[in-house]
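Asker: Heads up: the sequence shown begins at 1489 in my numbering, then just goes up one per residue.
Ideal Cβ placement from N, Cα and C applies to all residues, glycine included.
Since the structure is predicted, the reported quantities are computational estimates derived from the model, not experimental observations.
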Amino acid sequence: MNCCAQVGAEAGGSAPFLTDHTTLIDSVETFIFDCDGVIWKGDSLIDGVPETLDMLRSMGKRLVFVTNNSTKSRKQYGKKFESLGLSVSAEEIFASSFAAAAYLKSMKFPTDKKVYIIGEAGIQLELKQAGINYIGGPEDGDKRIDLTPGQLMEHDHDVGAVVVGFDRYLNYYKLQYATLCIRENPGCMFIATNCDAVIHLTDAQEWAGGGSMVGAIKGSTKKEPLVVGKPSTFMMDCLASEFNIKTSQICMVGDRLDTDILFGQNGGCATLLVLSGVTTLETLQSSENKIQPDFYTNKISDLLAAKKVTTNA
Ligand SMILES: O=C(CO)[C@H](O)[C@H](O)COP(=O)(O)O
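Structure (structure tokens):
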């Protein structure tokens, strides 16, 4: 990490609890916040978030929001932030739905090819915005397969990529269609928006995440996907070039070790784990856990302590 006065995680040791909030804030110019487990849980805002974001903006910090959840587009996330009373523009949001479209655009996905989608509306909207043809997605949610002797499923030979994201309407039709495209269309790419084990669909429990959908296609194709969401640094590269930021000037704040904290570390950022999401203190401090952030704290509103120091000074 960069220039924090407080000593961070020792080699092989467990990350320290953040006590010097002011030094951390002063040492970075951009905060990247993960969304689920940091800003909200399901549709419930986590305590103290509005005040914390307001304080950081008033201190001149750039705020960027990154989520592996591909069910919404950037624009739809803008509306979600608004509905929670937070003023965040679509350009400040990097969702894995956007990352999938940005990746295909960056590799000049041919205009005569199509994408087959396992996923929800966010991926469709981002592909549409990027001018990329697609089929599948929510439209295939009701399709059923009634097997009869000798039955053969036809598929579109112009599908050049299958994008797999979180999909509450996954069914056997979609699995078979995506499998045929990857196995039978020469050069067809397999792109995953994320491989997360669980998702906070509600704040009452954790639900099977995008990793379960990606795992099904890995199982049927025996291929590994190209992952555009965290911990891959694709979104980090996108946002760093869009805002012209040096990653050494960023603090990545997240609740998951294997996505958020690794994403920050892979990008060369400072990292702060919050315990308001999926990671418990026990998991963080377990000898089996090899991913240690620079610091940990309970929730992002702990950063408000820096305001008190400034006000009292
Ligand atoms: O979509 C998911 C599951 O497939 C993600 O696990 C989840 O929603 C991640 O969100 P975030 O990156 O905001 O923590």
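Counting Cβ pairs closer than 8 Å, one from the stretch 1582-1597 and one from the stretch 1638-1645, do we hit at least three?
Answerer: no
Asker: Taking only beta-carbon atoms, is residue 1787 less than 8 Å away from chain C?
Answerer: Absent here is chain C; the protein component of the structure consists of one chain.
Asker: CA-CA distance, residue 1504 and residue 1677?
Answerer: As a working note, residue 1504 is residue 16 in the sequence shown. As a working note, residue 1677 is residue 189 in the sequence shown. Their backbone Cα atoms lie some 41 Å apart in a straight line.
Asker: Name the DSSP bridge partner or partners of residue 1739?
Answerer: For the purposes of this step, residue 1739 is taken as residue 251 along the sequence shown, with counting starting at 1. The partner list for residue 1739 (beta bridge, DSSP) reads 1519, 1758.
Asker: Please look up how many angstroms separate the CB atoms of residue 1739 and residue 1516, rounded, as I've assumed it's under 8 Å.
Answerer: Position 251 of the sequence shown, counted from the start, is the residue given in the question as residue 1739. Position 28 of the sequence shown, counted from the start, is the residue given in the question as residue 1516. The Cβ separation is near 4 Å, so the contact holds.
Asker: Pull up the CB-CB distance for residue 1779 and residue 1745, whole angstroms please, since I reckon it's below 8 Å.
Answerer: Working through the sequence shown from its first residue, we reach residue 1779 at position 291. Working through the sequence shown from its first residue, we reach residue 1745 at position 257. Confirmed, about 4 Å.
Asker: Looking only at its chain, what residues have a beta carbon closer than 6 Å to the beta carbon of residue 1663, apart from the 5 residues adjacent to it on each side?
Answerer: Against the sequence shown, residue 1663 aligns to sequence position 175. The answer, listed in chain order, is 1704.
Asker: Go to residue 1723, then tell me how far its alpha helix (DSSP H) extends in each direction, as first and last residue.
Answerer: If you number the sequence shown from 1, residue 1723 lands on position 235. Note, residue 1723: alpha helix (DSSP H), 1722-1731.
Asker: Name the residue from 1611, 1618, 1617 whose alpha carbon lies nearest to the alpha carbon of residue 1627.
Answerer: Here residue 1627 corresponds to residue number 139 of the sequence shown, with the count starting at 1. Out of 1611, 1618, 1617, 1611 has the C-alpha closest to the C-alpha of residue 1627.
Asker: What does the shell around ligand 1 hold, if a residue joins when its beta-carbon is under 5 Å from any heavy atom?
Answerer: 1522, 1523, 1524, 1555, 1556, 1557, 1654, 1684, 1687, 1697, 1698
Asker: Here's the rule I'm using: 16 or more other beta-carbon atoms within 10 Å means buried, otherwise exposed. How should residue 1795 be labelled?
Answerer: Reading the sequence shown from its first residue, position 307 is the one you call residue 1795. Under this definition residue 1795 is a buried residue.
Asker: Which whole-angstrom value describes the C-beta separation of residue 1607 and residue 1652, a residue pair presumed to lie in contact below a C-beta threshold of 8 Å?
Answerer: Taking the first residue of the sequence shown as position 1, residue 1607 is located at position 119. Taking the first residue of the sequence shown as position 1, residue 1652 is located at position 164. Right, their Cβ atoms sit about 7 Å apart.
Asker: Specify whether the stretch 1525-1543 and the stretch 1753-1767 touch according to this definition: at least 3 beta carbon pairs, one from each stretch, less than 8 Å apart.
Answerer: yes
Asker: Checking the sheet assignment: what are the DSSP bridge partners for residue 1785?
Answerer: Taking the first residue of the sequence shown as position 1, residue 1785 is located at position 297. 1762.
Asker: Between the beta-carbon of residue 1670 and the beta-carbon of residue 1711, is there less than 8 Å?
Answerer: Taking the first residue of the sequence shown as 1, we reach residue 1670 at position 182. Taking the first residue of the sequence shown as 1, we reach residue 1711 at position 223. In terms of Cβ geometry, residue 1670 and residue 1711 form a close pair [threshold 8 Å].
Asker: Spatial neighbours of residue 1686 within its chain, please: C-beta separation below 7 Å, excluding the five flanking residues on both sides.
Answerer: Here the question's residue 1686 lines up with position 198 in the sequence shown. The answer, listed in chain order, is 1694, 1695, 1696, 1697, 1766.
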